[in-house]
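Novice:
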Amino acid sequence: MPSAEIITDELVRSLAPNTSAVSNGQKISRSGGFISLCRSEDKTLIFGECKGSGSKPYSTSADFSGDSPVFRCSCPSRQFPCKHSLAIMFEWLAGKEFKVSEVPDDIAAKREKIAKKAEKAAAAENAPDSEKKKKTNKAAVTKKLKKQAEGLDLAENFVNDILNRGISSVNSSSAVQYKNIAKQLGDYYLPEPQAIMNEIISAAEKISENPDDREAERLIALCVKLASTVKKSREYINSKLESGEVLPEDSILYEAMGGIWKLTQLKEIGLYKENAEIIQLSFTVIHDTMHMAEVDTGYWIDLESGEISKTENIRPLKALKYVKADDSAFSLYKIKELYHYPGGLNKRIRWESAETTEPDDNVYSLIISKAESSVSEAVKKAKNELKNTLSDSAAAFLIPFDSIEFSVSDGHAVLKYNDETITLRSNENYPDTCKVLSVLGKESLENGALLGELFYSSTERKFYLCPVSIVNPHKIIRLC
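Under our numbering, think of the first position of the sequence shown as -5, with each following residue one higher.
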């Protein structure tokens, strides 16, 4: 069982919501802010009382008895963990004396409640399907939707204020005000609008310090994305409240507004496929600054339909140590029930179990046969996908090629298929793939198919294809 012995300086910093919380926690520890320090006999709990701004000291604890640490504090802070929770861990690191004491009754009760909840979840998981279904609390869902509608007003005012004032007017003072607004949005169950707001603020601060046309263009695009998200989310909420049908449906807005899909829900609305065969075409780890996470991303192809889907294992930076990372997969996966989340092209997929076999040349030839019919057709599909402001900034396609050649004048790679060509260029998700492509032998650059992300450069008004992997009749060559 984990205990306070796992506490390290690195762990404390990784759990902190920001650097100022770390600094404040250190100050409390160094200044002797704790009136009392205690621990359970098995060291799974450290707790104590800390002086604060109120008349009564704050009761603070760090509980390591579960799969991940649980922090509790009676202070009014909205940060998690708060500075007092960080401070008690710094006290432990400082080697201060913690008196062995019984676990407080309130914490013991909370531990028991968590344990019962886990037992109940395990029992439900093992029960027949008919017993797993639970009646959704529509009143609670309706209340949440109304709360989200209030938050959308806050987000709308935010983007209107920035656009009305002008992005160049953002300074250190106004940035602090905007950050407070973005922080407030966390109380309205709107994680995606909040993430976009934080990214807008970051871009605006960069521009105020160092004006840059590309960054200004990106900021405007983010404002458009936020405005569109607010508009579509409001329409979604209104239609739900008016109809009374508040349960999840096939819409990407459900996740954008903080919803978490269960596989049983996806199955209930038909978002699954039986007896699917898929193979991974690529794998990489993408640093998502907007959501402050590492995302293990894999592109997969369905050998029957030719659809390009993706897996995303999202690992928040604060919890990297506690979320298991994904890895590359090279086998052919045979899946009894393959679930997919709402979306357009490149839907996110998930499964519970699979049988794996080693692919042969027939599989690679089949993959190539599932490539797009032409470059222009792929670009047309990408245009339709990317015009949706809620979609990703790029769309993945498997595009056939007769050859991939390099321009003598500027060194850029060009994919050629029949009478069509498209320039290859790396993007922020795959920054080095064009360099890798340039060192491949000629035999790898002829008569195959290229998995790539089509993206649009608004400055050059042109579509580019970012190479990700090459499929030839005998293997898959991953460029990252």
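Even glycine gets a Cβ: it sits at the ideal position worked out from N, Cα and C. Keep in mind the model is a prediction, meaning the values are calculated, not measured.
Compute the distance between the beta-carbons of Leu139 and Pro187, then report whether it is under 8 Å.
Specialist: Within the sequence shown, numbered from 1, the residue matching residue 139 stands at position 145. Within the sequence shown, numbered from 1, the residue matching residue 187 stands at position 193. It is not a contact, given that the beta carbons lie outside the stated cut-off.
Novice: Which of the three DSSP states, helix, strand or coil, is assigned to Phe324?
Specialist: As a first step, residue 324 is located in the sequence shown; it is residue number 330 there, counting from the start. Phe324 falls in the coil class under three-state DSSP.
Novice: Determine, using beta carbons only, whether Ile295 and Ile280 come nearer to each other than 8 Å.
Specialist: For the purposes of this step, residue 295 is taken as residue 301 along the sequence shown, with counting starting at 1. For the purposes of this step, residue 280 is taken as residue 286 along the sequence shown, with counting starting at 1. No, Cβ-Cβ distance for Ile295 and Ile280 is not below 8 Å.
Novice: Expressed to the nearest angstrom, what Euclidean distance is found between the alpha-carbon atoms of Ser401 and Val408?
Specialist: Taking the sequence shown and counting its residues from 1, one reaches residue 401 at position 407. Taking the sequence shown and counting its residues from 1, one reaches residue 408 at position 414. About 7 Å.
Novice: Please classify Ser233 as buried or exposed, where buried requires at least 16 other C-beta atoms within 10 Å of its C-beta.
Specialist: Translated into positions along the sequence shown, residue 233 becomes position 239. So Ser233 ends up on the exposed side.
Novice: What separation, rounded to the nearest whole angstrom, lies between the Cα atoms of Leu260 and Tyr266?
Specialist: Position 266 of the sequence shown, counting from 1, holds the residue named residue 260. Position 272 of the sequence shown, counting from 1, holds the residue named residue 266. Their backbone Cα atoms lie some 7 Å apart in a straight line.
Novice: Would you say Ala210 and Met191 are within 8 Å of each other, going by their C-beta atoms?
Specialist: Locating residue 210 in the sequence shown gives position 216, counting from the first residue. Locating residue 191 in the sequence shown gives position 197, counting from the first residue. Result no, Cβ atoms of Ala210 and Met191 do not sit closer than 8 Å.
Novice: Distance check for Cys428 and Ser79, CA to CA, integer angstroms please.
Specialist: The residue labelled residue 79 in the question sits at position 85 within the sequence shown. The residue labelled residue 428 in the question sits at position 434 within the sequence shown. Straight-line Cα distance between these residues: approximately 47 Å.
Novice: Work out the CA separation of Glu43 and Thr494 for me, nearest whole Å.
Specialist: Only positions -5 to 474 of the chain appear in this structure, which leaves residue 494 out of reach.
Novice: When burial is assigned at 16 or more other CB atoms within 10 Å of the CB, is His468 buried or exposed?
Specialist: Within the sequence shown, numbered from 1, the residue matching residue 468 stands at position 474. Counting Cβ neighbours within 10 Å, His468 comes out exposed, since fewer than 16 surround it.
Novice: On the CB-based measure, 16 or more other CB atoms within 10 Å of its CB, does Val240 come out buried or exposed?
Specialist: Within the sequence shown, residue 240 is the residue found at index 246, counting from 1. So Val240 counts as buried.
Novice: Under 8 Å, with one C-beta from each stretch per pair, do the segment 90 to 97 and the segment 26 to 43 reach the 3-pair mark?
Specialist: yes
Novice: Between Leu5 and Ser25, what straight-line distance do the alpha-carbon atoms span, to the nearest angstrom?
Specialist: Walking along the sequence shown from the start, residue 5 turns up at place 11. Walking along the sequence shown from the start, residue 25 turns up at place 31. Taking the Cα positions, Leu5 is about 22 Å away from Ser25.
Novice: Terminal residues of the continuous beta strand (DSSP E) containing Gly42?
Specialist: One-based indexing of the sequence shown puts residue 42 at position 48. Element bounds for Gly42: 39 to 44.
Novice: Report the rounded CA-to-CA distance for Glu454 versus Ser385, giving the unit in angstroms.
Specialist: Mapped onto the sequence shown, residue 454 falls at position 460. Mapped onto the sequence shown, residue 385 falls at position 391. Near 21 Å, if we compare the C-alpha coordinates of Ser385 and Glu454.
Novice: Nearest to Tyr411 by alpha carbon, out of Asn423, Lys200, Ile398?
Specialist: Position 417 of the sequence shown holds residue 411. Ranking the options by Cα distance to Tyr411, first place goes to Ile398.
Novice: Throw me the rounded Cβ distance for the Ala88 and Ile22 pair, which I believe falls under 8 Å.
Specialist: Against the sequence shown, residue 88 aligns to sequence position 94. Against the sequence shown, residue 22 aligns to sequence position 28. About 11 Å separates the two Cβ atoms, so there is no contact after all.
Novice: Go ahead and pull the three-state DSSP assignment for Trp294.
Specialist: If you number the sequence shown from 1, residue 294 lands on position 300. Three-state result, Trp294: strand.
Novice: Could you spell out the range, first to last residue, of the alpha helix (DSSP H) harbouring Gly152?
Specialist: The count along the sequence shown starts at 1 and reaches residue 152 at position 158. According to the sequence displayed, residue 152 carries Phe and not Gly. Start and end: 132 to 159.
Novice: So what's Lys129 in DSSP terms, helix, strand or just coil?
Specialist: As a first step, residue 129 must be located in the sequence shown, where it is residue number 135. Bear in mind that a pLDDT of 47 at Lys129, under 50, signals an unreliable position, so the number given afterwards is only what the model happens to contain. Coil, per DSSP.
Novice: In angstroms with no decimal places, state the Cα-to-Cα distance between Ala319 and Asp413.
Specialist: Within the sequence shown, numbered from 1, the residue matching residue 319 stands at position 325. Within the sequence shown, numbered from 1, the residue matching residue 413 stands at position 419. Approximately 43 Å, taken between the alpha carbons.
Novice: Does the separation of the CB atoms of Thr351 and Leu332 fall below 8 Å?
Specialist: Position 357 of the sequence shown holds residue 351. Position 338 of the sequence shown holds residue 332. It is not a contact, given that the beta carbons lie outside the stated cut-off.
Novice: Could you pull out every unbroken alpha helix (DSSP H) segment of at least 4 residues lying fully inside the segment 350 to 384, listed in chain order?
Specialist: 355 to 363, 369 to 380
Novice: As an exercise, report each continuous alpha helix (DSSP H) stretch of at least 4 residues that is fully enclosed by the segment 198 to 282, in chain order.
Specialist: 207 to 237, 247 to 250, 257 to 262
Novice: Does the distance from the C-beta atom of Ser463 to that of Leu445 stay below 8 Å?
Specialist: By 1-based counting over the sequence shown, the position of residue 463 is 469. By 1-based counting over the sequence shown, the position of residue 445 is 451. If you check the CB distance, Ser463 and Leu445 come in under 8 Å.
Novice: Note down, in chain order, each residue of its chain lying with its Cβ closer than 6 Å to the Cβ of Ser322, except the 5 sequence neighbours on either side.
Specialist: Locating residue 322 in the sequence shown gives position 328, counting from the first residue. Here the set comprises Phe277.
Novice: Does any C-beta atom of chain C lie closer than 8 Å to the C-beta of Leu157?
Specialist: The structure shown has no chain C; it contains just one protein chain.
Novice: Does the distance from the C-beta atom of Pro336 to that of Ser245 stay below 8 Å?
Specialist: Counting from one through the sequence shown, the residue named residue 336 turns up at place 342. Counting from one through the sequence shown, the residue named residue 245 turns up at place 251. Annotated as proximal: Pro336 and Ser245, with beta-carbon spacing under 8 Å.
Novice: With a CB to CB cut of under 7 Å and the five nearest residues on each side skipped, what residues in its chain are close to Lys50?
Specialist: Translated into positions along the sequence shown, residue 50 becomes position 56. Excluding positions up to five away in sequence, the list is empty.
Novice: Look at the Cβ atom of Leu216, then the Cβ atom of Ile231, and state whether they are nearer than 8 Å.
Specialist: As a working note, residue 216 is residue 222 in the sequence shown. As a working note, residue 231 is residue 237 in the sequence shown. Going by C-beta atoms, Leu216 is not nearer than 8 Å to Ile231.
Novice: When we look at the beta-carbon of Phe324 and count the other beta-carbons within 10 Å, is it buried (16 or more) or exposed?
Specialist: Position 330 of the sequence shown, counting from 1, holds the residue named residue 324. Exposed, because fewer than 16 other Cβ atoms sit within 10 Å of the Cβ of Phe324.
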